[in-house]
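Below is one structure, written out as structure tokens; comments come after it.
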Amino acid sequence: MKRNTNTLYILRFVAAIMVIMYHYAPRRHISFFTSFFISNGGEATNFFFFISGFVMIIANSKFMKNDIQYFSKNEFYIKRFARIYPLYITALLALAVFHFFIQPIDTGTVKYRLPFEALCIQRWLYKGSFNYPGWTISAEFLFYLIFPYAFVFMEKNVRRFNLAVFVYYIITLVIGVFLSFLAHKTSNVKGVGIVNTIYLHPVFLTSVFLFGMVCGRNYVDNKTAFFYNKWNNRICIVLSIVTIFIAKYYLVGFGLVQSGLLAPVYYMLVTSITSFGNQETRLFNSRVFLFLGDISYGIYILQYPVYVFFTHYILTINSGLSLFYYMLFLISVGGLAYFSIEKPAKTLILSLYNKRKFNSVILADKMV
């Protein structure tokens, strides 16, 4: 049976919407459930990290087994740069224009931080980001830097890789809880700043990405008989969602969930969701769902630039209706950016790279 990973497209879109609601949804006059859902939307970033690791394995599965020697680190880096950076720098420049020429939206340190932001290494050095969703992209850049080496290690010895990921996962959870405790107990301003910089640093969140890689490898191997059964998958999906809600309700303030505690739950959730066949999940193959998944990155990274322009020129977000208008506008901008920036820039960068690679091969042949 051919399984279907298209189910992840709409999940990426939903996760992006959850983050947006977490950032901008008005908190007044809402039910407990709605408040709980909105206030925990930030957990979607960990889900993004997990999905990223999963997708990287699926995208590079052709190099597994005996073909790992053909895997090119440079080509991988170029492809990820072409996919992520053009819209990232566009969002950053849009915010810089607003900040310097329309209305300040940050401190005077922005001009010193912009070089680090442009290099996408800001979260490696300090907490936060000028375009604050950009801190996760900074984390992703570290994951991408590590991936080729982790991928080769995984192919050499899968069991050792899985064990190393699990041990690292436990270590990062312990460190996360300790740093969360320090952040609440430290009264010194400089001390708090240092702790906050280290807490949820990409180095520690890498465990979630690596867990996604393990999940991706399991999907490619397709050797876990438990997930062959449709009802097992349905039960696992329900249990995963319930576990996420319970963890977010009862484990608040410990630093556990934020540090990636739910990575094994995401493993079960994603494995179950992607174990269904095309026939059972044909709804998720619709062009609308696939398109929403494609533009989810644009929606995510453009949320703050669009927000500052939207609230400055169009409408203040102080109600559910105004939030709805903003989200519709953001989705429209995300779709427009996908066709006008993301796809053309990616095509251009990859064509230039392939042309240079082709010319290098021709030159090498002439020298022989």
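When we follow the working numbering, the leftmost residue of the sequence shown carries the number 778, and every step to the right adds one. Ideal Cβ placement from N, Cα and C applies to all residues, glycine included. None of the values given here were measured: they were computed from a predicted structure.
How many Å lie between residue i and residue j at the Cα?
i	j	result
Asn1055	Asn1010	15 Å
Ile845	Val832	17 Å
Gly948	Phe1106	Reading off the sequence shown, one finds Ile at residue 948, where the question assumed Gly. Approximately 42 Å between the Cα atoms of the pair.
Gly830	Leu1098	36 Å
Gly989	Phe955	24 Å
Phe837	Phe1061	According to the sequence displayed, residue 837 carries Asn and not Phe. Their backbone Cα atoms lie some 23 Å apart in a straight line.
Phe826	Arg805	31 Å
Ala828	Thr1088	Reading the sequence as shown, one finds Ile at residue 828 and not Ala. If you take the alpha carbons of Ile828 and Thr1088, they lie about 32 Å apart.
Val796	Ile815	8 Å
Tyr862	Phe848	22 Å
Tyr801	Arg857	29 Å
Thr1076	Tyr1103	The sequence shown places Ile at residue 1076, not Thr. One C-alpha to the other measures close to 11 Å.
Val942	Pro1121	37 Å
Phe878	Val1083	16 Å
Ile1021	Leu1039	7 Å
Leu959	Gly1037	18 Å
Thr811	Asn817	10 Å
Ile855	Ile807	45 Å
Arg780	Ser1049	11 Å
Ile1014	Lys1132	45 Å
Lys1007	Phe1053	7 Å
Lys933	Met841	10 Å
Glu894	Phe1068	28 Å
Tell me the DSSP secondary structure of residue i in three-state form.
i	result
Ile797	helix
Gly830	helix
Arg805	coil
Gly1054	strand
Asp1142	A caution first: Asp1142 carries a pLDDT of 48, below 50, which makes its placement in the model unreliable, though a value can still be read off. Three-state result, Asp1142: helix.
Identify the continuous alpha helix (DSSP H) that holds residue i and give its terminal residues.
i	result
Met990	979-998
Phe877	850-878
Lys904	Neither: Lys904 is in no alpha helix (DSSP H) and is coded neither H nor E.
Ser1099	1097-1114
Lys933	911-933
Ser1073	1073-1078
Ser1017	1007-1027
Val1034	From DSSP, Val1034 is part of no alpha helix (DSSP H); its letter is neither H nor E.
Tyr976	Careful: Tyr976 lies outside any alpha helix (DSSP H) and carries neither H nor E.
Lys888	887-896
Spatial neighbours of residue i within its chain, please: CB distance less than 7 Å, with the 5 preceding and 5 following residues excluded, ordered by chain position.
i	result
His876	Ile882, Asp883, Val887
Phe1004	Asn1010, Thr1048, Ser1049, Ser1052
Do residue j and residue i come within 7 Å of each other at the CB atom, strictly closer than that value?
i	j	result
Thr822	Lys904	no
Ile1078	Ala868	yes
Arg900	Pro979	yes
Leu788	Glu1119	no
Ser1073	Phe790	yes
Gly1032	Ser957	yes
Phe928	Ile952	no
Met931	Phe920	no
Leu1028	Val1034	yes
Ala859	Lys1025	no
Arg1150	Ile834	Coverage of the chain is limited to positions 778 through 1145, which leaves residue 1150 absent and any answer about it impossible.
Thr1146	Tyr996	No answer is possible for residue 1146: it lies beyond the span of the chain, which begins at 778 and ends at 1145.
Cys992	Val1047	yes
Asn908	Tyr1130	no
Ile1091	Leu1100	no
Ala873	Phe824	no
In chain order, what residues of the same chain lie with their CB nearer than 8 Å to the CB of residue i, ignoring the 5 residues before and after it?
i	result
Asp1071	Tyr786, Tyr1115
Phe1086	Ala871, Phe875
Ala1141	Bear in mind that a pLDDT of 48 at Ala1141, under 50, signals an unreliable position, so the number given afterwards is only what the model happens to contain. Counting only Cβ-Cβ distances below 8 Å, and skipping sequence neighbours, we find nothing.
Leu902	Phe893, Thr974
Leaving out five residues on either side along the sequence, give the residues of the same chain with a beta carbon under 6 Å from the beta carbon of residue i.
i	result
Gly819	Tyr799
Pro925	Lys850, Phe853
Tyr946	Ser984
Asn783	Phe1061, Asn1062
Phe918	Cys897
Flag residue i as yes if its beta-carbon sits less than 7 Å from any beta-carbon of chain C, otherwise no.
i	result
Val791	Here there is only one protein chain, and chain C is not present.
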